[in-house]
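A.B. asks:
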Amino acid sequence: MMYDTLIRNALIIDGSNAPGYPADVAILNGRIERIGDLRDACATEEIDAAGRVLAPGFIDVHTHDDTVVIRQPQMLPKLSQGVTTVIVGNCGISASPVSLRGDPPDPMNLLGTAAAFVYPRFSDYRAAVEAANTTLNVAALVGHTALRSNHLDDLLRTATADEISAMREQLRESLEAGALGLSTGLAYANAFSASTDEVMQLTEELSAFGAVYTTHLRSEFEPVLEAMDEAFQIGRHAKSPVIISHLKCAGAGNWGRSPQLLASLENAAKTHPVGCDCYPYAASSSTLDLKQVTDAHRITITWSTPHPEASGRDLMDIAAEWGVPLLDAARRLQPAGAVYYGMDEADVRRILAHPLSMVGSDGLPEDPFPHPRLWGAFPRVLGHFSRDVGLFPLHTAVHKMTGLSAARFGLKERGEIRERHWADLVLFDPVTIRDVADFNDPQRAAEGIDGVWVNGVLSYSDGQANGRREGRFLARQGDLRDGFQ
Ligand code: ZN
Ligand code: CU
Numbered sequence: 051m052m053y054d055t056l057i058r059n060a061l062i063i064d065g066s067n068a069p070g071y072p073a074d075v076a077i078l079n080g081r082i083e084r085i086g087d088l089r090d091a092c093a094t095e096e097i098d099a100a101g102r103v104l105a106p107g108f109i110d111v112h113t114h115d116d117t118v119v120i121r122q123p124q125m126l127p128k129l130s131q132g133v134t135t136v137i138v139g140n141c142g143i144s145a146s147p148v149s150l151r152g153d154p155p156d157p158m159n160l161l162g163t164a165a166a167f168v169y170p171r172f173s174d175y176r177a178a179v180e181a182a183n184t185t186l187n188v189a190a191l192v193g194h195t196a197l198r199s200n201h202l203d204d205l206l207r208t209a210t211a212d213e214i215s216a217m218r219e220q221l222r223e224s225l226e227a228g229a230l231g232l233s234t235g236l237a238y239a240n241a242f243s244a245s246t247d248e249v250m251q252l253t254e255e256l257s258a259f260g261a262v263y264t265t266h267l268r269s270e271f272e273p274v275l276e277a278m279d280e281a282f283q284i285g286r287h288a289k290s291p292v293i294i295s296h297l298k299c300a301g302a303g304n305w306g307r308s309p310q311l312l313a314s315l316e317n318a319a320k321t322h323p324v325g326c327d328c329y330p331y332a333a334s335s336s337t338l339d340l341k342q343v344t345d346a347h348r349i350t351i352t353w354s355t356p357h358p359e360a361s362g363r364d365l366m367d368i369a370a371e372w373g374v375p376l377l378d379a380a381r382r383l384q385p386a387g388a389v390y391y392g393m394d395e396a397d398v399r400r401i402l403a404h405p406l407s408m409v410g411s412d413g414l415p416e417d418p419f420p421h422p423r424l425w426g427a428f429p430r431v432l433g434h435f436s437r438d439v440g441l442f443p444l445h446t447a448v449h450k451m452t453g454l455s456a457a458r459f460g461l462k463e464r465g466e467i468r469e470r471h472w473a474d475l476v477l478f479d480p481v482t483i484r485d486v487a488d489f490n491d492p493q494r495a496a497e498g499i500d501g502v503w504v505n506g507v508l509s510y511s512d513g514q515a516n517g518r519r520e521g522r523f524l525a526r527q528g529d530l531r532d533g534f535q
């Protein structure tokens, strides 16, 4: 038997949350053909893993890579971390289906300028991803704010019955074309005025497709528990799974409440399929939001349209230089992006360690001075949090970014190292793996990632992308409720 690729002497951490075991892995025609003692087998390409870890390629369940996967299909920030699949369309913002009437409303501008929004139908977006030959696999949600921007002349109100039915039609068409589900970003001003009822009516489309509801909660500050209740209410009404995006306790007044949030999540999980994602940092990042401007913690500016020179600087210093209050400085900088150092480390760890949480980067690829999660989220969980801090065993860290994620989003035959599964794989050194990107120097590739295969094709090695691009568009498969048992 001649295989395409043989990876010998690996410690297989298979993504199922089971401890690792030594084995060889053979790849043929994009899939894992055999796992075991393959000393007598040969292949076109043979690699000696020398005892390093071979894991399923990481699945970034929370991204804003919608347009960058097409414009920069190499996807180095993610590929260099061992990511092989990205889920786009989170937080209510998606590249499709969108027909803009001007500039993209906040926070859709996180995905690019108006020129980036050229997909009036979900099927147009899907075709563009397929034509781009992206390095990574791409699956997509439809954003609620994107739908609102198509049909409402004023985003600061709830939708009318006619507007809701128009949005429902676009959502249904998108689900038919392979969308995973609907995302909301109810905290953002352009979605905040949407009533719970508006969202519930939209989510009525999900159940027939077995699709999922993901949500950037209406609040991550003091009313976070009420916001979680709203999300669960919507999910129950929709008879659809609920994934809470980047679960956190935001704002100094909210620190220490993660046990309450997790108790609420566990309680909901008893009767309904629910889960969450999170990123492994105590700072958040998004557009600069006047409601989040405070002197209680540090805020740095990552980009500003009127003041590009502010990128990477503290809001406090800018305000001092201009001799104006923080809020005035923020207003002058808008539209802008920011990093908010607004979480407590103990809360971050508790949420990250919880069995219902998956890892998602929430990285912002358009940002000239991005939060380091864009380049570092996955190695940080493996190196810093698992190995150095001892928050959980390595196989649990891997499970949170592979097997669990694939199950929740119905990514069939991915997320675990098993025979006949797609060969999305990452080879890494558990001793040296480390996120190098930090808040001062955020665009640096991780150390310790030795090889990344996407659909059986080695796409990254020796610290470099090799230009091979075998990613696919992953349309929704089956009923996502099945992934919550
Ligand atoms: Zn969000
Ligand atoms: Cu997000």
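In this text, residue positions in the sequence shown follow our numbering: the first is 51, and each later residue adds one.
Cβ atoms here follow ideal geometry from the backbone N, Cα and C, with glycine treated the same way.
Report the partner residues of C92 according to the DSSP bridge assignment.
C.D. replies: Taking the first residue of the sequence shown as 1, we reach residue 92 at position 42. Looking at the DSSP assignment, C92 forms a beta bridge with M52.
A.B. asks: Put I82 into one of helix, strand or coil per three-state DSSP.
C.D. replies: On the sequence shown, position 32 is the one that residue 82 refers to. I82: strand per DSSP, three-state reduction.
A.B. asks: Bridge partners for G501 per DSSP, in chain order?
C.D. replies: Residue 501 sits at position 451 when you count from the first residue of the sequence shown. The partner list for G501 (beta bridge, DSSP) reads L477 and S511.
A.B. asks: How would the residue list near ligand 3 read, in chain order, if you kept each one whose beta-carbon is closer than 7 Å to any heavy atom?
C.D. replies: Questions concerning ligand 3 fall outside what the structure shown contains, since the ligands it does hold are ligand 1 and ligand 2.
A.B. asks: Specify the secondary structure class of W305 as computed by DSSP and reduced to three states.
C.D. replies: Within the sequence shown, the letter at position 255 stands for residue 305. W305 falls in the coil class under three-state DSSP.
A.B. asks: Please state whether DSSP places I284 in a helix, a strand or coil.
C.D. replies: The residue you call residue 284 lines up with position 234 of the sequence shown. I284 falls in the helix class under three-state DSSP.
A.B. asks: State the CB to CB distance for the pair I499 and Q131, rounded to an integer number of angstroms; the pair is presumed to be in contact (CB under 8 Å).
C.D. replies: Position 449 of the sequence shown, counted from the first residue, corresponds to residue 499. Position 81 of the sequence shown, counted from the first residue, corresponds to residue 131. Between Q131 and I499 the Cβ distance is about 7 Å, and since that is below 8 Å, they are a contact.
A.B. asks: Straight-line CA distance for W372 to D491?
C.D. replies: Sequence index remark: in the sequence shown, residue 372 carries index 322 (1-based). Sequence index remark: in the sequence shown, residue 491 carries index 441 (1-based). Cα to Cα, W372 sits roughly 26 Å from D491.
A.B. asks: On a CA-only basis, which of M52, Y53, S245 and L61 is nearest V476? Give me that one, please.
C.D. replies: Along the sequence shown, read from residue 1 onward, the residue named residue 476 stands at position 426. Residue L61 is the option with its Cα nearest to V476.
A.B. asks: What does DSSP give as the partner residues of D327 in its beta bridges?
C.D. replies: The sequence position of residue 327 within the sequence shown is 277, counting from 1. DSSP, once it has assigned bridges, lists M408 as partnering D327.
A.B. asks: Nearer than 7 Å: is that true of the beta carbon of G70 relative to any heavy atom of ligand 1?
C.D. replies: For the purposes of this step, residue 70 is taken as residue 20 along the sequence shown, with counting starting at 1. No; taking the cut-off as 7 Å, the Cβ of G70 has no heavy atom of ligand 1 nearer than that.
A.B. asks: Using the beta-carbon count (16 or more within 10 Å), is D110 buried or exposed?
C.D. replies: As a working note, residue 110 is residue 60 in the sequence shown. D110 is buried by the Cβ-count criterion.
A.B. asks: Could you check if G235 belongs to the surroundings of ligand 1, using beta carbon to heavy atom distance under 7 Å?
C.D. replies: In the sequence shown, residue 235 corresponds to position 185, counting from 1. It does: the Cβ of G235 is within 7 Å (strictly closer) of some heavy atom of ligand 1.
A.B. asks: Let's test the definition: count the other Cβ atoms within 10 Å of the Cβ of D247 and tell me whether it reaches 16, buried, or not, exposed.
C.D. replies: Taking the sequence shown and counting its residues from 1, the one referred to as residue 247 is at position 197. It is exposed - the Cβ of D247 has fewer than 16 other Cβ atoms within 10 Å.
A.B. asks: So which of V249, L160 and R423 has the shortest CA-CA distance to A487?
C.D. replies: Counting from 1 along the sequence shown, the entry for residue 487 is found at position 437. When each option's Cα is compared against that of A487, the closest is R423.
A.B. asks: Please report the residue range of the beta strand (DSSP E) in which L232 lies.
C.D. replies: Start at 1 with the first residue of the sequence shown, and residue 232 comes out as number 182. G231 to G235 is the span of the beta strand (DSSP E), which, as asked, contains L232.
A.B. asks: Could you give the residue range of the alpha helix (DSSP H) that holds H201?
C.D. replies: Locating residue 201 in the sequence shown gives position 151, counting from the first residue. H194 to H201 is the extent of the alpha helix (DSSP H) around H201.
A.B. asks: Taking a contact to mean a Cβ-Cβ separation below 8 Å, would you say L461 touches A447 in this structure?
C.D. replies: The residue given as residue 461 occupies position 411 in the sequence shown. The residue given as residue 447 occupies position 397 in the sequence shown. Cβ distance not < 8 Å, so L461 and A447 don't count as in contact.
A.B. asks: For R58, which beta-bridge partners are listed by DSSP?
C.D. replies: Position 8 of the sequence shown holds residue 58. DSSP lists D98 as partners of R58.
A.B. asks: Tell me the rounded alpha-carbon separation between L191 and D90.
C.D. replies: Translated into positions along the sequence shown, residue 191 becomes position 141. Translated into positions along the sequence shown, residue 90 becomes position 40. Their backbone Cα atoms lie some 45 Å apart in a straight line.
A.B. asks: If you count every other CB in all the chains shown that lies within 10 Å of the CB of K320, and 16 or more means buried, which is it?
C.D. replies: In the sequence shown, counting from the first residue as 1, residue 320 sits at position 270. Its Cβ having fewer than 16 others within 10 Å, K320 is exposed.
A.B. asks: Going by DSSP in three states, L104 sits in which element: helix, strand or coil?
C.D. replies: Position 54 of the sequence shown, counted from the first residue, corresponds to residue 104. L104: strand per DSSP, three-state reduction.
A.B. asks: When the distance is taken between beta carbons, is T135 closer than 8 Å to D474?
C.D. replies: Within the sequence shown, residue 474 is the residue found at index 424, counting from 1. Within the sequence shown, residue 135 is the residue found at index 85, counting from 1. Contact: yes.
A.B. asks: For N59, I'd like the list of residues in its chain whose CB is within less than 8 Å of its CB, leaving aside the five on either flank, ordered along the chain.
C.D. replies: As a working mapping, residue 59 is identified with position 9 in the sequence shown. Cβ within range, chain order: P72, D74, D98, A99, A100 and G101.
A.B. asks: Between the Cα of V119 and those of P170, I85 and A182, spot the shortest distance and give me the residue it belongs to.
C.D. replies: Along the sequence shown, read from residue 1 onward, the residue named residue 119 stands at position 69. Among P170, I85 and A182, the Cα nearest to that of V119 belongs to A182.
A.B. asks: Please state whether the Cβ-Cβ distance between T195 and N240 is less than 8 Å.
C.D. replies: Taking the first residue of the sequence shown as position 1, residue 195 is located at position 145. Taking the first residue of the sequence shown as position 1, residue 240 is located at position 190. Going by C-beta atoms, T195 is nearer than 8 Å to N240.
A.B. asks: Which same chain residues end up closer than 6 Å to S199 when comparing Cβ atoms and leaving out the 5 residues on each side of it in sequence?
C.D. replies: As a working mapping, residue 199 is identified with position 149 in the sequence shown. Once the five neighbours on either side are set aside, the close Cβ partners of S199 are P155.
A.B. asks: Do the CB positions of L221 and V262 come within less than 8 Å of each other?
C.D. replies: Taking the sequence shown and counting its residues from 1, one reaches residue 221 at position 171. Taking the sequence shown and counting its residues from 1, one reaches residue 262 at position 212. The answer is no: Cβ separation not under 8 Å.
A.B. asks: Using DSSP bridges, identify the partner residues of A181.
C.D. replies: On the sequence shown, position 131 is the one that residue 181 refers to. A181 pairs with nothing; no bridge assigned.
A.B. asks: Report yes or no: do three or more beta-carbon pairs, one from the region 340-359 and one from the region 380-393, lie closer than 8 Å?
C.D. replies: The region 340-359, when compared against the region 380-393, does touch it at the 8 Å Cβ threshold.
A.B. asks: Do you know offhand how far H322's Cα is from R458's?
C.D. replies: What you label residue 322 is simply residue 272 of the sequence shown in a count that begins at 1. What you label residue 458 is simply residue 408 of the sequence shown in a count that begins at 1. Distance between the alpha carbons of H322 and R458 is about 13 Å.
A.B. asks: Would L444 and I63 qualify as a contact pair, given that the criterion is a beta-carbon distance under 8 Å?
C.D. replies: Residue mapping note: residue 444 aligns to position 394 of the sequence shown, counting from 1. Residue mapping note: residue 63 aligns to position 13 of the sequence shown, counting from 1. Their beta carbons are under 8 Å apart, which means L444 touches I63 by this criterion.
A.B. asks: Leaving aside the five residues before and after M52 along the sequence, list all residues of the same chain whose C-beta is less than 8 Å from its C-beta, in chain order.
C.D. replies: What you label residue 52 is simply residue 2 of the sequence shown in a count that begins at 1. Only C92, A93 and T94 meet the Cβ criterion.
A.B. asks: With H, G and I counted as helix, E and B as strand and the rest as coil, what does DSSP make of H266?
C.D. replies: Translated into positions along the sequence shown, residue 266 becomes position 216. DSSP places H266 in strand when its eight states are reduced to three.
A.B. asks: Which first and last residues belong to the alpha helix (DSSP H) in which S66 is found?
C.D. replies: The residue you call residue 66 lines up with position 16 of the sequence shown. That residue, S66, is in no alpha helix (DSSP H); it is neither H nor E in DSSP.
A.B. asks: Using 8 Å as the threshold, is the C-beta distance between L232 and T253 below it?
C.D. replies: Position 182 of the sequence shown, counted from the first residue, corresponds to residue 232. Position 203 of the sequence shown, counted from the first residue, corresponds to residue 253. Going by C-beta atoms, L232 is nearer than 8 Å to T253.
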